[in-house]
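Beneath this line is the structure, given in structure tokens, with notes to follow.
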Amino acid sequence: MVWDHALGGWLTGKGLYMVESLGLFFLGLVLLFTSGLCHRKVKRLMQN
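The numbering of the sequence shown is full-length UniProt numbering, which starts it at 1 and goes up by one.
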């Protein structure tokens, strides 16, 4: 029972760490994507 609880706590800690890093990674991707779209729009406006 104690071992199971310890394992659960370890998995929860690892899971939270993974979720945090994945969230940051996803946020970075979204920022890159939006900045890329903005850059493309600016290029199109500059050409007109």
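Even for Gly, the Cβ is constructed at its ideal location relative to N, Cα and C. No experiment lies behind these values; they were computed from the predicted model shown.
Item	Value
For residue 10 and residue 4, the rounded distance between their alpha carbons	10 Å
Interface flag, residue 9 vs chain D, CB-CB below 8 Å	The chain labelled as chain D is not found in the depicted structure, where only one protein chain is given.
Rounded C-alpha distance that separates residue 20 from residue 33	20 Å
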